[in-house]
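Using this note's numbering, read the sequence shown as starting at 9 and increasing by one per residue.
Think of the CB as a built atom: it goes at the ideal place given N, C-alpha and C, for glycine as much as any other residue.
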Amino acid sequence: MNVVHVYRTYFPDPPGGLQEAIRQIALSTRAFGVEPRIFTLSPTPQPADIEFPEGRVVREKSWAAPASCDLGGPAALFRYREMVDWADVVHFHFPWPFADVLNLFGRTKKPTVMTYHSDIVRQKALGAVYGPLMRRTLRSMSAVVATSPAYARTSETLTACVAKDRLKTIALGIIDYRDEPSFPGAQRDIGYRLGLVGGEPYFLALGVLRYYKGLHTLIEAAPGIDAKIVIAGSGPERGRLAELAAQKKATNVVFAGQVTHEEKVALLKGCRAMVLPSHLRSEAFGMVLVEAAMFGKPAVCCEVGSGTSYVNQDGESGFVVSPERPDELGRAMNTLLHDSALAARMGQAARARYEAVFSGDALGRAYTALYNEVARG
9 MNVVHVYRTY
19 FPDPPGGLQE
29 AIRQIALSTR
39 AFGVEPRIFT
49 LSPTPQPADI
59 EFPEGRVVRE
69 KSWAAPASCD
79 LGGPAALFRY
89 REMVDWADVV
99 HFHFPWPFAD
109 VLNLFGRTKK
119 PTVMTYHSDI
129 VRQKALGAVY
139 GPLMRRTLRS
149 MSAVVATSPA
159 YARTSETLTA
169 CVAKDRLKTI
179 ALGIIDYRDE
189 PSFPGAQRDI
199 GYRLGLVGGE
209 PYFLALGVLR
219 YYKGLHTLIE
229 AAPGIDAKIV
239 IAGSGPERGR
249 LAELAAQKKA
259 TNVVFAGQVT
269 HEEKVALLKG
279 CRAMVLPSHL
289 RSEAFGMVLV
299 EAAMFGKPAV
309 CCEVGSGTSY
319 VNQDGESGFV
329 VSPERPDELG
339 RAMNTLLHDS
349 ALAARMGQAA
359 RARYEAVFSG
369 DALGRAYTAL
379 YNEVARG
(Lines of atoms letter the chains of each structure in order from A and count residues from 1; the text may use other names and numbers.)
(Lines give C-alpha, C1' and ligand atoms only; values in the text may rest on other atoms or scores of the structure.)
Protein backbone atom coordinates (compact mmCIF):
# COMPACT_ATOMS: atom_id res chain seq x y z
CA MET A 1 0.00 0.00 0.00
CA ASN A 2 1.65 3.26 -1.19
CA VAL A 3 0.41 6.50 0.42
CA VAL A 4 1.57 10.03 -0.42
CA HIS A 5 0.98 12.75 2.17
CA VAL A 6 0.46 16.25 0.78
CA TYR A 7 1.14 19.36 2.89
CA ARG A 8 2.71 22.77 2.40
CA THR A 9 5.83 22.29 4.56
CA TYR A 10 7.76 19.49 6.20
CA PHE A 11 11.03 18.72 7.96
CA PRO A 12 13.87 19.75 7.75
CA ASP A 13 12.23 23.17 7.35
CA PRO A 14 11.22 24.83 10.67
CA PRO A 15 9.15 22.39 12.74
CA GLY A 16 5.53 22.67 13.79
CA GLY A 17 2.82 20.53 15.32
CA LEU A 18 1.18 19.60 12.02
CA GLN A 19 4.43 18.40 10.48
CA GLU A 20 5.00 16.24 13.55
CA ALA A 21 1.46 14.86 13.21
CA ILE A 22 2.19 13.81 9.62
CA ARG A 23 5.47 12.23 10.69
CA GLN A 24 3.73 10.19 13.36
CA ILE A 25 1.02 8.98 10.95
CA ALA A 26 3.67 7.97 8.42
CA LEU A 27 5.83 6.19 11.00
CA SER A 28 2.96 4.39 12.69
CA THR A 29 1.35 3.17 9.44
CA ARG A 30 4.72 2.00 8.13
CA ALA A 31 4.71 -0.51 10.97
CA PHE A 32 1.54 -1.99 9.39
CA GLY A 33 2.91 -2.37 5.87
CA VAL A 34 2.21 1.09 4.41
CA GLU A 35 4.94 2.74 2.31
CA PRO A 36 4.60 6.51 2.92
CA ARG A 37 6.02 9.46 1.02
CA ILE A 38 5.55 13.15 1.80
CA PHE A 39 5.10 15.73 -0.97
CA THR A 40 5.77 19.30 0.12
CA LEU A 41 7.13 22.71 -0.85
CA SER A 42 10.22 24.44 0.51
CA PRO A 43 11.85 27.85 -0.03
CA THR A 44 15.14 25.97 -0.48
CA PRO A 45 14.31 22.50 -1.86
CA GLN A 46 17.88 21.25 -2.17
CA PRO A 47 18.12 18.34 -2.01
CA ALA A 48 14.81 17.67 -3.72
CA ASP A 49 14.44 14.20 -2.15
CA ILE A 50 15.35 13.31 1.45
CA GLU A 51 15.10 9.87 3.02
CA PHE A 52 13.73 9.89 6.59
CA PRO A 53 12.71 6.93 8.78
CA GLU A 54 9.05 7.80 8.08
CA GLY A 55 9.56 7.75 4.29
CA ARG A 56 10.89 9.79 1.40
CA VAL A 57 10.23 13.54 1.45
CA VAL A 58 9.78 14.95 -2.07
CA ARG A 59 10.18 18.75 -2.29
CA GLU A 60 9.47 21.40 -4.89
CA LYS A 61 10.04 25.15 -4.78
CA SER A 62 7.77 27.39 -2.67
CA TRP A 63 7.65 30.66 -4.61
CA ALA A 64 5.67 32.63 -2.03
CA ALA A 65 3.79 32.06 1.23
CA PRO A 66 1.04 34.69 1.67
CA ALA A 67 -0.90 34.10 4.91
CA SER A 68 1.23 30.96 5.50
CA CYS A 69 -0.12 29.47 2.25
CA ASP A 70 2.89 28.21 0.31
CA LEU A 71 2.45 28.46 -3.46
CA GLY A 72 4.29 26.40 -6.05
CA GLY A 73 4.68 26.62 -9.80
CA PRO A 74 4.21 24.24 -12.74
CA ALA A 75 7.08 22.03 -11.54
CA ALA A 76 5.16 21.35 -8.33
CA LEU A 77 2.08 20.29 -10.32
CA PHE A 78 4.09 17.92 -12.52
CA ARG A 79 5.88 16.39 -9.53
CA TYR A 80 2.56 16.00 -7.73
CA ARG A 81 1.22 14.04 -10.73
CA GLU A 82 4.23 11.71 -10.47
CA MET A 83 3.44 11.13 -6.80
CA VAL A 84 -0.22 10.39 -7.57
CA ASP A 85 0.80 7.86 -10.24
CA TRP A 86 2.99 6.10 -7.63
CA ALA A 87 0.41 6.13 -4.82
CA ASP A 88 -2.51 3.85 -4.04
CA VAL A 89 -4.01 6.52 -1.74
CA VAL A 90 -3.44 10.29 -1.67
CA HIS A 91 -3.58 11.76 1.85
CA PHE A 92 -4.15 15.54 2.05
CA HIS A 93 -3.70 17.58 5.22
CA PHE A 94 -6.02 20.58 5.64
CA PRO A 95 -5.67 23.55 5.55
CA TRP A 96 -3.48 24.24 2.52
CA PRO A 97 -5.34 25.94 -0.37
CA PHE A 98 -2.62 25.16 -2.92
CA ALA A 99 -3.30 21.45 -2.29
CA ASP A 100 -6.84 22.06 -3.57
CA VAL A 101 -5.29 23.43 -6.77
CA LEU A 102 -3.06 20.37 -7.05
CA ASN A 103 -6.04 18.10 -6.50
CA LEU A 104 -8.08 19.93 -9.14
CA PHE A 105 -5.44 20.13 -11.88
CA GLY A 106 -3.28 17.18 -10.92
CA ARG A 107 -5.49 14.43 -12.36
CA THR A 108 -6.14 12.95 -8.90
CA LYS A 109 -7.97 9.77 -9.84
CA LYS A 110 -6.81 7.72 -6.87
CA PRO A 111 -8.72 7.24 -3.58
CA THR A 112 -8.25 10.30 -1.37
CA VAL A 113 -8.17 10.89 2.37
CA MET A 114 -8.06 14.30 4.03
CA THR A 115 -7.12 14.87 7.66
CA TYR A 116 -8.91 18.05 8.70
CA HIS A 117 -6.56 19.54 11.28
CA SER A 118 -8.18 22.94 11.82
CA ASP A 119 -10.80 25.38 10.62
CA ILE A 120 -9.56 28.55 8.96
CA VAL A 121 -9.91 30.85 11.95
CA ARG A 122 -7.88 34.03 11.50
CA GLN A 123 -7.63 34.51 7.71
CA LYS A 124 -11.28 35.41 7.16
CA ALA A 125 -10.62 37.14 3.81
CA LEU A 126 -8.75 34.10 2.55
CA GLY A 127 -11.58 31.86 3.73
CA ALA A 128 -14.15 33.88 1.79
CA VAL A 129 -12.17 33.72 -1.47
CA TYR A 130 -11.09 30.12 -0.98
CA GLY A 131 -14.50 28.85 0.19
CA PRO A 132 -15.92 27.50 -3.12
CA LEU A 133 -12.74 25.56 -3.96
CA MET A 134 -12.47 24.29 -0.38
CA ARG A 135 -16.03 22.97 -0.43
CA ARG A 136 -15.45 21.29 -3.79
CA THR A 137 -12.32 19.57 -2.47
CA LEU A 138 -13.97 18.38 0.75
CA ARG A 139 -16.91 16.92 -1.16
CA SER A 140 -14.55 15.11 -3.53
CA MET A 141 -12.69 13.21 -0.80
CA SER A 142 -13.20 9.49 -0.31
CA ALA A 143 -12.99 10.13 3.44
CA VAL A 144 -12.41 13.16 5.68
CA VAL A 145 -10.89 12.66 9.14
CA ALA A 146 -11.55 14.91 12.12
CA THR A 147 -8.96 14.56 14.86
CA SER A 148 -11.50 14.50 17.69
CA PRO A 149 -15.25 13.96 18.15
CA ALA A 150 -15.54 17.56 19.40
CA TYR A 151 -14.09 18.97 16.18
CA ALA A 152 -16.27 16.74 14.01
CA ARG A 153 -19.30 17.99 15.92
CA THR A 154 -18.51 21.71 16.16
CA SER A 155 -16.82 22.54 12.85
CA GLU A 156 -19.36 24.30 10.66
CA THR A 157 -17.27 23.52 7.58
CA LEU A 158 -17.23 19.79 8.25
CA THR A 159 -20.92 19.52 9.07
CA ALA A 160 -21.85 21.52 5.94
CA CYS A 161 -19.50 19.90 3.41
CA VAL A 162 -18.92 16.28 4.39
CA ALA A 163 -21.51 13.52 4.33
CA LYS A 164 -21.80 11.64 7.61
CA ASP A 165 -20.78 8.32 6.08
CA ARG A 166 -17.50 9.86 4.83
CA LEU A 167 -16.65 11.77 8.02
CA LYS A 168 -14.38 9.71 10.28
CA THR A 169 -12.73 10.44 13.62
CA ILE A 170 -9.15 9.36 14.28
CA ALA A 171 -7.23 10.98 17.10
CA LEU A 172 -3.66 12.07 16.47
CA GLY A 173 -1.02 10.11 18.32
CA ILE A 174 2.67 9.74 19.06
CA ILE A 175 4.93 6.71 19.09
CA ASP A 176 6.29 6.32 22.62
CA TYR A 177 9.83 7.74 22.81
CA ARG A 178 10.31 7.95 26.58
CA ASP A 179 12.93 5.22 26.63
CA GLU A 180 14.95 6.35 23.61
CA PRO A 181 18.67 6.78 24.36
CA SER A 182 19.43 10.42 25.06
CA PHE A 183 22.37 12.57 26.07
CA PRO A 184 22.77 11.71 29.78
CA GLY A 185 23.60 15.25 30.85
CA ALA A 186 20.63 16.89 29.12
CA GLN A 187 18.48 17.17 32.25
CA ARG A 188 21.33 18.56 34.31
CA ASP A 189 22.37 21.02 31.60
CA ILE A 190 18.89 22.37 30.81
CA GLY A 191 18.16 22.66 34.52
CA TYR A 192 21.34 24.62 35.08
CA ARG A 193 20.69 26.88 32.08
CA LEU A 194 17.12 27.69 33.19
CA GLY A 195 17.80 27.89 36.93
CA LEU A 196 15.75 24.78 37.79
CA VAL A 197 17.69 23.64 40.82
CA GLY A 198 17.06 21.42 43.80
CA GLY A 199 14.21 19.47 42.23
CA GLU A 200 11.77 22.35 42.61
CA PRO A 201 8.46 21.82 40.75
CA TYR A 202 7.82 23.83 37.61
CA PHE A 203 5.19 24.06 34.88
CA LEU A 204 5.96 23.64 31.19
CA ALA A 205 4.45 25.35 28.14
CA LEU A 206 5.86 23.89 24.95
CA GLY A 207 5.53 24.74 21.27
CA VAL A 208 5.80 27.45 18.64
CA LEU A 209 4.93 30.85 20.14
CA ARG A 210 1.91 31.78 18.00
CA TYR A 211 -0.97 34.21 18.45
CA TYR A 212 -3.54 31.55 19.36
CA LYS A 213 -1.50 29.87 22.11
CA GLY A 214 -2.96 32.09 24.85
CA LEU A 215 0.42 32.58 26.50
CA HIS A 216 -0.56 36.13 27.44
CA THR A 217 -3.07 34.56 29.84
CA LEU A 218 -0.39 32.34 31.34
CA ILE A 219 1.91 35.32 31.89
CA GLU A 220 -0.92 37.33 33.48
CA ALA A 221 -1.56 34.41 35.84
CA ALA A 222 2.13 33.88 36.62
CA PRO A 223 2.58 36.30 39.56
CA GLY A 224 -0.02 34.29 41.51
CA ILE A 225 1.63 30.92 40.88
CA ASP A 226 4.15 29.66 43.42
CA ALA A 227 6.48 27.97 40.94
CA LYS A 228 8.54 28.67 37.86
CA ILE A 229 6.88 28.50 34.45
CA VAL A 230 9.12 27.39 31.59
CA ILE A 231 8.00 28.53 28.13
CA ALA A 232 9.99 26.44 25.64
CA GLY A 233 9.89 27.29 21.96
CA SER A 234 10.39 30.14 19.54
CA GLY A 235 8.04 32.04 17.29
CA PRO A 236 6.58 35.38 16.23
CA GLU A 237 5.09 36.21 19.65
CA ARG A 238 8.39 35.96 21.56
CA GLY A 239 9.08 39.71 21.81
CA ARG A 240 5.55 40.67 22.78
CA LEU A 241 5.40 37.99 25.48
CA ALA A 242 8.73 39.07 26.97
CA GLU A 243 7.46 42.66 27.16
CA LEU A 244 4.26 41.49 28.86
CA ALA A 245 6.23 39.42 31.40
CA ALA A 246 8.30 42.48 32.30
CA GLN A 247 5.19 44.65 32.55
CA LYS A 248 3.38 42.15 34.82
CA LYS A 249 6.55 41.54 36.90
CA ALA A 250 6.22 37.84 36.13
CA THR A 251 9.73 37.03 37.35
CA ASN A 252 8.92 33.31 37.60
CA VAL A 253 8.46 33.02 33.81
CA VAL A 254 11.52 31.55 32.09
CA PHE A 255 11.84 31.73 28.30
CA ALA A 256 13.87 28.69 27.25
CA GLY A 257 13.90 29.44 23.53
CA GLN A 258 14.09 26.63 21.00
CA VAL A 259 15.11 23.41 22.74
CA THR A 260 16.66 20.23 21.40
CA HIS A 261 14.80 16.93 21.48
CA GLU A 262 16.92 15.79 24.43
CA GLU A 263 16.18 19.02 26.30
CA LYS A 264 12.47 18.65 25.59
CA VAL A 265 12.52 15.13 27.02
CA ALA A 266 14.33 16.37 30.12
CA LEU A 267 11.78 19.18 30.62
CA LEU A 268 8.85 16.78 30.18
CA LYS A 269 10.32 14.32 32.67
CA GLY A 270 10.91 16.99 35.29
CA CYS A 271 7.79 19.19 35.08
CA ARG A 272 4.84 19.08 37.45
CA ALA A 273 2.34 19.56 34.60
CA MET A 274 1.90 20.76 31.02
CA VAL A 275 0.05 24.04 30.45
CA LEU A 276 -1.62 24.80 27.10
CA PRO A 277 -3.66 28.01 27.51
CA SER A 278 -4.64 28.31 23.82
CA HIS A 279 -7.74 30.48 23.46
CA LEU A 280 -8.74 30.00 19.80
CA ARG A 281 -9.88 27.00 17.72
CA SER A 282 -6.70 27.29 15.70
CA GLU A 283 -5.39 25.00 18.48
CA ALA A 284 -7.35 22.13 17.03
CA PHE A 285 -5.79 19.26 18.98
CA GLY A 286 -2.74 20.03 21.08
CA MET A 287 -0.07 17.44 20.38
CA VAL A 288 1.93 18.63 23.39
CA LEU A 289 -0.91 17.37 25.58
CA VAL A 290 -0.38 13.90 24.11
CA GLU A 291 3.36 14.17 24.78
CA ALA A 292 2.66 15.15 28.39
CA ALA A 293 0.27 12.20 28.78
CA MET A 294 2.90 9.88 27.31
CA PHE A 295 5.25 10.98 30.12
CA GLY A 296 2.50 10.52 32.72
CA LYS A 297 2.04 14.23 33.37
CA PRO A 298 -1.27 15.99 34.04
CA ALA A 299 -2.23 19.04 32.01
CA VAL A 300 -4.14 22.30 32.21
CA CYS A 301 -5.79 23.57 29.02
CA CYS A 302 -8.74 25.73 27.95
CA GLU A 303 -12.16 24.83 26.60
CA VAL A 304 -12.26 26.18 23.04
CA GLY A 305 -14.54 23.57 21.47
CA SER A 306 -11.68 21.70 19.82
CA GLY A 307 -9.75 18.54 20.55
CA THR A 308 -7.76 19.91 23.50
CA SER A 309 -10.48 19.02 26.01
CA TYR A 310 -10.80 15.61 24.33
CA VAL A 311 -7.12 14.85 24.87
CA ASN A 312 -7.07 16.30 28.39
CA GLN A 313 -10.24 15.30 30.21
CA ASP A 314 -11.31 17.66 32.97
CA GLY A 315 -11.02 16.18 36.45
CA GLU A 316 -9.44 12.98 35.13
CA SER A 317 -6.11 13.71 33.45
CA GLY A 318 -5.95 17.37 34.44
CA PHE A 319 -8.07 20.51 34.39
CA VAL A 320 -9.93 22.31 31.61
CA VAL A 321 -10.62 26.00 32.31
CA SER A 322 -12.21 28.93 30.50
CA PRO A 323 -10.00 30.67 27.93
CA GLU A 324 -8.38 34.02 28.78
CA ARG A 325 -9.22 33.71 32.49
CA PRO A 326 -5.94 34.10 34.40
CA ASP A 327 -7.70 33.51 37.71
CA GLU A 328 -9.08 30.12 36.67
CA LEU A 329 -5.82 29.09 35.05
CA GLY A 330 -3.84 30.06 38.14
CA ARG A 331 -6.16 28.17 40.51
CA ALA A 332 -5.88 24.98 38.48
CA MET A 333 -2.09 25.23 38.32
CA ASN A 334 -1.76 25.93 42.05
CA THR A 335 -4.02 22.96 42.81
CA LEU A 336 -1.65 20.64 40.96
CA LEU A 337 1.33 22.37 42.53
CA HIS A 338 0.19 22.05 46.14
CA ASP A 339 -1.44 18.59 45.89
CA SER A 340 1.29 16.29 44.65
CA ALA A 341 -0.83 13.16 45.23
CA LEU A 342 -3.59 14.55 42.99
CA ALA A 343 -1.03 15.47 40.33
CA ALA A 344 0.36 11.93 40.43
CA ARG A 345 -3.11 10.34 40.12
CA MET A 346 -4.01 12.57 37.19
CA GLY A 347 -0.67 11.81 35.57
CA GLN A 348 -1.35 8.07 35.84
CA ALA A 349 -4.79 8.58 34.27
CA ALA A 350 -3.22 10.62 31.47
CA ARG A 351 -0.74 7.81 30.76
CA ALA A 352 -3.52 5.20 30.67
CA ARG A 353 -5.48 7.36 28.22
CA TYR A 354 -2.40 7.77 26.05
CA GLU A 355 -1.92 4.01 25.81
CA ALA A 356 -5.57 3.40 24.91
CA VAL A 357 -6.23 6.27 22.49
CA PHE A 358 -3.11 8.20 21.45
CA SER A 359 -0.33 5.62 21.10
CA GLY A 360 1.49 4.91 17.87
CA ASP A 361 -0.11 1.48 17.69
CA ALA A 362 -3.63 2.92 17.91
CA LEU A 363 -2.80 5.58 15.30
CA GLY A 364 -1.22 3.13 12.86
CA ARG A 365 -4.05 0.61 13.06
CA ALA A 366 -6.74 3.24 12.53
CA TYR A 367 -5.18 4.91 9.49
CA THR A 368 -4.11 1.64 7.87
CA ALA A 369 -7.68 0.39 8.18
CA LEU A 370 -8.97 3.61 6.61
CA TYR A 371 -6.50 3.39 3.69
CA ASN A 372 -7.61 -0.17 3.00
CA GLU A 373 -11.26 0.88 3.22
CA VAL A 374 -11.00 3.71 0.68
CA ALA A 375 -8.75 1.62 -1.60
CA ARG A 376 -11.39 -1.11 -1.72
CA GLY A 377 -14.15 1.45 -2.22
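Return the CA-CA distance between Gly-206 and Arg-218, expressed in angstroms with no decimal places. The count along the sequence shown starts at 1 and reaches residue 206 at position 198. The count along the sequence shown starts at 1 and reaches residue 218 at position 210. Going from the Cα of Gly-206 to the Cα of Arg-218 covers about 32 Å.
With 16 as the cutoff for other CB atoms within 10 Å, does Ser-76 come out buried or exposed? Within the sequence shown, residue 76 is the residue found at index 68, counting from 1. The residue in question, Ser-76, is exposed, as its Cβ has fewer than 16 Cβ neighbours within 10 Å.
In the DSSP assignment, find the alpha helix (DSSP H) that holds Glu-28 and state where it starts and stops. Sequence index remark: in the sequence shown, residue 28 carries index 20 (1-based). In this chain, the alpha helix (DSSP H) harbouring Glu-28 covers 25 to 38.
With a threshold of 6 Å on Cβ separation, who are the neighbours of Val-267 within its own chain once the five nearest residues in sequence on each side are excluded? For the purposes of this step, residue 267 is taken as residue 259 along the sequence shown, with counting starting at 1. Annotation for Val-267: Ala-240 place their beta carbon closer than 6 Å to its own, counting only its chain and skipping 5 residues before and after.
Can you check whether the CB of Arg-16 is closer than 8 Å to the CB of Trp-104? Within the sequence shown, the letter at position 96 stands for residue 104. Within the sequence shown, the letter at position 8 stands for residue 16. Against a cut-off of 8 Å, the Cβ pair of Arg-16 and Trp-104 comes out as a contact.
Residues of its chain near Ala-370, where Cβ-Cβ distance is below 8 Å and the 5 sequence neighbours each way are ignored: Locating residue 370 in the sequence shown gives position 362, counting from the first residue. Excluding residues within five positions, the ones whose Cβ falls inside 8 Å are Ala-179, Gly-181, Ala-364.
Evaluate contact between the stretch 249 to 260 and the stretch 59 to 76, counting only Cβ atoms and requiring at least three cross-stretch pairs below 8 Å. In short, these stretches do not touch, since the Cβ pair count stays below three.
Considering Lys-256, what are the terminal residues of the beta strand (DSSP E) in which it resides? Stepping through the sequence shown from its first residue, residue 256 is reached at position 248. Taken as a continuous stretch (DSSP letters only), Lys-256 belongs to no beta strand (DSSP E), as it is neither H nor E.
Please state if the CB of Leu-344 and the CB of Thr-316 are separated by a distance shorter than 8 Å. For the purposes of this step, residue 316 is taken as the residue at position 308 of the sequence shown. For the purposes of this step, residue 344 is taken as the residue at position 336 of the sequence shown. Against a cut-off of 8 Å, the Cβ pair of Leu-344 and Thr-316 comes out as no contact.
Please report the residue range of the alpha helix (DSSP H) in which Pro-105 lies. Within the sequence shown, the letter at position 97 stands for residue 105. Looking at the DSSP string, the run of the alpha helix (DSSP H) that includes Pro-105 is 105 to 113.
Counting contacts by CB-CB distance shorter than 8 Å, is Ala-258 in contact with chain B? Absent from the structure is chain B; it holds one protein chain and no more.
For Leu-275 and Pro-201, the rounded distance between their alpha carbons: For the purposes of this step, residue 201 is taken as the residue at position 193 of the sequence shown. For the purposes of this step, residue 275 is taken as the residue at position 267 of the sequence shown. This sequence places Arg at residue 201; Pro is not what is there. Distance between the alpha carbons of Arg-201 and Leu-275: 12 Å.
Proximity below 8 Å, CB of Thr-116 to CB of Val-98: Looking up residue 116 in the sequence shown gives position 108. Looking up residue 98 in the sequence shown gives position 90. It is a contact, given that the beta carbons lie within the stated cut-off.
Can you have a look at Asp-234 and say buried or exposed, based on whether 16 or more other CB atoms are within 10 angstroms of its CB? Along the sequence shown, one-based indexing puts residue 234 at 226. Burial call: exposed.
What number of angstroms, rounded off, separates the C-alpha of Phe-102 from the C-alpha of Ser-126? Position 94 of the sequence shown, counted from the first residue, corresponds to residue 102. Position 118 of the sequence shown, counted from the first residue, corresponds to residue 126. Rounded to the nearest angstrom, the two C-alpha atoms are 7 Å apart.
Are Leu-204 and Ala-213 close, meaning C-beta to C-beta below 8 Å? For this step, residue 204 is matched to residue 196 along the sequence shown. For this step, residue 213 is matched to residue 205 along the sequence shown. Not closer than 8 Å, so no.
What number of angstroms, rounded off, separates the C-alpha of Pro-51 from the C-alpha of Asn-342? For the purposes of this step, residue 51 is taken as residue 43 along the sequence shown, with counting starting at 1. For the purposes of this step, residue 342 is taken as residue 334 along the sequence shown, with counting starting at 1. Computed Cα separation, rounded: 44 Å.
Please report how far the alpha carbon of Gly-294 lies from the alpha carbon of Val-312, in whole angstroms. Locating residue 294 in the sequence shown gives position 286, counting from the first residue. Locating residue 312 in the sequence shown gives position 304, counting from the first residue. The straight-line gap from Cα to Cα measures roughly 12 Å.
Using beta-carbon positions only, say whether Gly-41 and Met-91 come within less than 8 Å of one another. Your numbering for residue 41 matches position 33 in the sequence shown. Your numbering for residue 91 matches position 83 in the sequence shown. Not closer than 8 Å, so no.
Please state the DSSP three-state secondary structure of Pro-231. As a first step, residue 231 is located in the sequence shown; it is residue number 223 there, counting from the start. It is helical.
Helix, strand or coil, according to DSSP, for Pro-82 in the structure here? To locate residue 82, count along the sequence shown from 1; it is residue 74. Three-state result, Pro-82: helix.
I'd like to know whether the C-beta atoms of Pro-306 and Ala-351 end up nearer to each other than 8 Å. By 1-based counting over the sequence shown, the position of residue 306 is 298. By 1-based counting over the sequence shown, the position of residue 351 is 343. Taking 8 Å as the Cβ cut-off, Pro-306 and Ala-351 qualify as a contacting pair.
Rounded to the nearest angstrom, how far is the Cβ of Thr-145 from that of Asn-111, given a contact under 8 Å? To locate residue 145, count along the sequence shown from 1; it is residue 137. To locate residue 111, count along the sequence shown from 1; it is residue 103. So it is a contact: roughly 6 Å between Cβ atoms.
Should Tyr-220 and Ser-290 be called a contact, given that it needs their Cβ atoms to be closer than 8 Å? Your numbering for residue 220 matches position 212 in the sequence shown. Your numbering for residue 290 matches position 282 in the sequence shown. The answer is yes: Cβ separation under 8 Å.
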